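Letter by letter, the sequence shown follows residues 1 to 145 in full-length UniProt numbering. Glycine is no exception: its CB is placed at the ideal position from the N, C-alpha and C atoms. Values in this document were obtained by computation on a predicted structure and should not be read as measured data.
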Amino acid sequence: MVTAPVEGAVDAATYDGVDALLADARSRLERVEVQQAFEEVRAGALLVDIRPAAQRAAEGQVHCSLSPLVIERNVLEWRFDPRSDARIEQAAYDARVIVLCQEGYTSSLAADALRSIGITRATDVVGGFAAWRTAGLPVAGGNPA
Numbered sequence: 001m002v003t004a005p006v007e008g009a010v011d012a013a014t015y016d017g018v019d020a021l022l023a024d025a026r027s028r029l030e031r032v033e034v035q036q037a038f039e040e041v042r043a044g045a046l047l048v049d050i051r052p053a054a055q056r057a058a059e060g061q062v063h064c065s066l067s068p069l070v071i072e073r074n075v076l077e078w079r080f081d082p083r084s085d086a087r088i089e090q091a092a093y094d095a096r097v098i099v100l101c102q103e104g105y106t107s108s109l110a111a112d113a114l115r116s117i118g119i120t121r122a123t124d125v126v127g128g129f130a131a132w133r134t135a136g137l138p139v140a141g142g143n144p145a
């Protein structure tokens with residue numbers, strides 16, 4: 001079967017792909033292990049869970065005693081940009097923000113996005129919530145497989 005080139009088609013060979021995107025984002029982060037994240041949160045850092053509600057319900061969440069913020073990924077930058085009308089009270093350029101997703105991939109991209117809007121102390125948790133739970137840190141709910 002012969003196919004004709006599609007107008008406007010993208011040559012995949014000219015792009016690096018998601019693994020390169022992730023590596024690039026992580027090159028700008030000083031990622032933290034779960035125990036360090038726990039200690040920083042206890043000392044006042046903001047822990048931000050960006051997982052969708054369904055995932056938090058299924059897998060559990062960081063215990064409320066640590067006051068985690070739940071801000072889904074699709075609105076994260078608007079909530080943390082100090083210039084945004086949709087910002088949260090804690091939005092500040094010097095805020096220590098530790099982003100948490102399920103396994104530590106999406107959170108790397110999200111933390112890098114926060115850094116790009118000026119939240120220069122943003123980072124993420126290596127291994128995400130799965131590593132947090134495995135480490136025996138405070139969680140609530142969920143029924144992990």
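Please classify residue i: does DSSP put it in a helix, a strand, or coil?
{"i": "residue 95", "result": "coil"}
{"i": "residue 123", "result": "strand"}
{"i": "residue 113", "result": "helix"}
{"i": "residue 131", "result": "helix"}
{"i": "residue 87", "result": "coil"}
Taking residue i as the reference, which of the options has the closest Cα?
{"i": "residue 92", "options": "107, 78, 103 and 104", "result": "78"}
{"i": "residue 38", "options": "87, 120, 89 and 63", "result": "63"}
{"i": "residue 32", "options": "126, 19 and 106", "result": "126"}
{"i": "residue 72", "options": "65, 84 and 56", "result": "56"}
{"i": "residue 163", "options": "80, 59, 42 and 49", "result": "Lying before the first or after the last residue shown, residue 163 is absent from the chain, which here runs from 1 to 145."}
{"i": "residue 118", "options": "61, 89 and 96", "result": "96"}
Starting from residue i, follow its DSSP beta bridges and name the residues at the other end.
{"i": "residue 100", "result": "49"}
{"i": "residue 140", "result": "61"}
- Assess, as a yes-or-no matter, whether the stretch 16–36 is touched by the stretch 109–119 under the definition of 3 or more beta carbon pairs within less than 8 Å. yes
- Runs of beta strand (DSSP E) lying entirely within the stretch 14–77, each at least 3 residues, in chain order: 46–49
- Are the stretch 114–124 and the stretch 132–143 touching by the rule of at least three beta carbon pairs closer than 8 Å? no
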